[in-house]
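Data first, discussion second: the structure below is written as structure tokens.
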């Protein structure tokens, strides 16, 4: 299961804060500041960092630069681990899965494997 995306949460927060811009004399400044704050809290990047990341094609962060790191770094290329072989057996009212075949019970049929039927001669 993948982690929930932050984009919908940010978009919702920004949409809810936009009407507040008309309530003060500063125009859009409070709203933009609110957007920047929400973005910084959720992603450790300001709106300017997101724009710079898009423009340069790198991962840019003011927070990282503040703590002594480089402002922009190459994007991490996430490679998921190879799929793990699973051996699943029916148990009482459930399916139980293991990392290796069950060495003690050979009479149980693996879930998802074809069952041989002598009448049809097919698997």
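In mature numbering (1 follows the signal peptide of the UniProt record, and there is no 0), the protein residues as written are -23 to -1, 1 to 100.
Don't be surprised by glycine CBs; every beta carbon is placed ideally from N, CA and C.
Note that this is a predicted model, so its numbers are computed, not measured.
One question on the structure: do residue i and residue j come within less than 8 angstroms of each other, judged by their Cβ atoms?
i          : j          : result
residue 38 : residue 53 : no
Measuring straight from C-alpha to C-alpha, what distance separates residue i and residue j?
i          : j          : result
residue 32 : residue 63 : 43 angstroms
residue 66 : residue 60 : 19 angstroms
residue 12 : residue 58 : 35 angstroms
residue 70 : residue 88 : 13 angstroms
residue 42 : residue 81 : 57 angstroms
residue 97 : residue 74 : Note that residue 97 scores a pLDDT of 49, beneath 50, so its modelled location is shaky and nothing firm can be said.
residue 28 : residue 34 : 10 angstroms
residue 19 : residue 10 : 14 angstroms
residue 46 : residue 40 : 9 angstroms
residue 6  : residue 44 : 27 angstroms
Give every residue of the same chain whose Cβ lies closer than 8 angstroms to the Cβ of residue i, excluding the five residues on either side of it in the sequence, and list them in chain order.
i          : result
residue 36 : 30, 49, 50, 51, 52, 53
residue 72 : 65, 66, 88
residue 76 : 61, 62, 63, 64
Where do the ends of the beta strand (DSSP E) carrying residue i lie?
i          : result
residue 67 : 64 to 68
residue 40 : Careful: residue 40 lies outside any beta strand (DSSP E), inside the alpha helix (DSSP H) at 39 to 43.
residue 71 : 71 to 75
Can you tell me whether residue i is buried or exposed? The criterion is at least 16 other CB atoms within 10 Å of its CB, across all chains shown.
i           : result
residue 26  : buried
residue 15  : buried
residue -22 : Any reading at residue -22 needs caution, since the residue's pLDDT is 43, under 50, leaving its predicted position unreliable; the model's value is listed next. Residue -22 comes out exposed.
What does a CB cutoff of less than 6 angstroms around residue i pick up in its chain, not counting 5 residues either side in sequence?
i          : result
residue 78 : 64
residue 68 : none
Could you spell out the range, first to last residue, of the alpha helix (DSSP H) harbouring residue i?
i          : result
residue 6  : 6 to 20
residue 27 : 24 to 33
In chain order, what residues of the same chain have a beta carbon less than 7 angstroms from the beta carbon of residue i, not counting five sequence neighbours either side?
i          : result
residue 24 : 12, 13, 16
Beta-carbon of residue i versus every beta-carbon of chain D: anything under 8 angstroms?
i          : result
residue 46 : Of the protein chains in the structure, only one exists, and it is not chain D.
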